[in-house]
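Engineer: In the UniProt record's numbering, the protein residues as written are 1 to 387.
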C-alpha cells in the first residue's frame, strides 16, 4: 500500500542527530564553562560552591571584612568620579582660599576624596598573599607551587580582560559620535576623550596601540593616562606589583617567620625610600596577612565557635589603654588620609602646612596612613559587621 503504513509494521522514527555531533557540542559547552569559571574572580566561584554545599560554609573568614571594604570604596570611587567634572574645587582643603565648607573638613572629606586607590592596593596585597602564606605556615610547599603557578597564569586575564572589553565599547561609542557633548562647559576636571578618527578600522588601530603601549605594558613604572579610559592607569601597576608579590612569597617561603616578617618590613621601608608608594602598599598588605596568620597560630587551636569565646573574655586593665591608643592612631590615620589632593593645596591648608614641607604628594600621606589604619580593629570590625 503506497503512501501509508501497513498494520503491524513499526512506524518510522524521525531522524536523530548524530551522537558524535551531540557529544561534540557538550564537549565544547564544558570547555566554555571551564574557561568562564577560570576567568571569574575567586569570591564568585567560592560563593557558588558554598551555595551548592552549605555544609562546607565556613563560620568566619579572616578576609571577610576586605570584601566589605572593597564594596564600600568602589561606591566612593563612583561618587568621586561623578562629582569631579561638576565641582572645580573638589580637591581643595578646608580653609584654603577662605573655603570653610563643612564637607571640606578632615575625615568628612574622605567620602569623596579618600584613599581609594591605596585601599585597593593594600587589600590586593593582603588577598594575594593570604592563601600562599597559609600554605607556607602548613609547610605544604607542593600546594604552594601549584597555587602560585595557577595565580600567575590567571592574573593577566583577570586584570586585563575587563578593560579590554570596556575600552573596546568606548571605541564603538566614539566611532558613532557619542563623545560629542560640550565637555568644555563643565567647571571641574574632565578626563581626556579619544579623537574620532576617519573610520572604525582607524579607531580600532589606535585602540590596539593603546592596548600594547599603555594598558598591557609591564616594563615601565610610568603611569599611563589613556584617552580611552584615564581611570585604567592602575591596571599595569597592579599587574607588576602582583608578580613581585608572588616572587617575594616564593623567595621567602622556607624562611623562618621572624625572618620573613623582617624582610617584608625592610621591603616596605625600601619602597618608601625609593618613592614607590604602590609597592609599599602591596608589601604592607602582605605583612598584614602574615601578622593575621601569626595571631591565629599563636592562639593555638581555636574553640568550636571560631575563637569568639576567647576574644570575648574580659580584657586586663592595660588592654583598655592599648585600645585607646589604637583608636587614637586609627583616627590620626584617617586625618592623614584626608590630605588635600589639589596641587600645592597642603601649603595653604591649616593643619597640613607642616606635612607639606616634608612632601606635598597626597598619595604618599594617604599611603603612609592607610597601612596603619588597615591594621586597626575598628576597620575590620565595622566592615565585617554584617556577616
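Where is the CB? At the ideal position from N, CA and C, for every residue including glycine.
(1) Is it buried or exposed, residue 202, if we count other Cβ atoms within 10 angstroms and call 16 or more buried?
(2) Residue 137 by DSSP, collapsed to three states: which one?
(3) Which residues in the same chain have their Cβ closer than 6 Å to the Cβ of residue 268, if we skip the five residues on either side of it in sequence?
(4) Going straight from the alpha carbon of residue 191 to that of residue 174, what length do you get?
(5) How big is the Cα-Cα spacing for residue 369 and residue 109?
(6) Tell me which same chain residues have a C-beta within less than 8 Å of the C-beta of residue 164, skipping the five on either side of it?
(7) Taking only three categories from DSSP, how would you classify residue 94?
(8) Quick one: is residue 115 buried, meaning 16 or more other Cβ sit within 10 Å of its Cβ, or exposed?
(9) Taking 9 Å as the threshold (C-beta atoms), are residue 167 and residue 87 in contact?
(10) Relative to the alpha-carbon of residue 104, which residue among 346, 121, 340 and 367 has its alpha-carbon at the smallest distance?
(11) Check whether the segment 317 to 335 touches the segment 236 to 243, taking contact to mean three or more Cβ pairs, one atom from each stretch, closer than 8 Å.
(12) Quick one: residues in its chain with C-beta nearer than 8 Å to the C-beta of residue 193, no 5 flanking neighbours on either side, listed in chain order?
(13) Go ahead and pull the three-state DSSP assignment for residue 290.
(14) At what residues does the alpha helix (DSSP H) containing residue 238 begin and finish?
(15) According to the neighbour-count rule (16 or more other Cβ atoms, all chains shown, within 10 Å of its Cβ), is residue 107 buried or exposed?
(16) In three-state terms, what does DSSP make of residue 105?
(17) For the pair the segment 249 to 263 and the segment 134 to 143, tell me if three or more CB-CB distances fall below 8 Å.
(18) Sort 200, 237, 96 and 76 by Cα distance to residue 351 and report the nearest one.
(19) What do you reckon, are the CB atoms on residue 218 and residue 85 nearer than 9 Å?
(20) Give me the Cα-Cα distance between residue 172 and residue 231, rounded to the nearest whole angstrom.
Structural biologist: In terms of the structure at hand:
(1) exposed
(2) The answer is helix: DSSP assigns residue 137 an H, G or I state.
(3) 280, 283 and 284
(4) 14 Å
(5) 15 Å
(6) 211 and 215
(7) coil
(8) Label assigned to residue 115: buried.
(9) Cβ atoms of residue 87 and residue 167: not closer than 9 Å.
(10) 340
(11) Touching, no.
(12) 174, 179, 183 and 227
(13) helix
(14) 234 to 251
(15) It counts as exposed.
(16) coil
(17) yes
(18) Among 200, 237, 96 and 76, the Cα nearest to that of residue 351 belongs to 96.
(19) For residue 218 and residue 85, no; Cβs fall outside 9 Å.
(20) 18 Å
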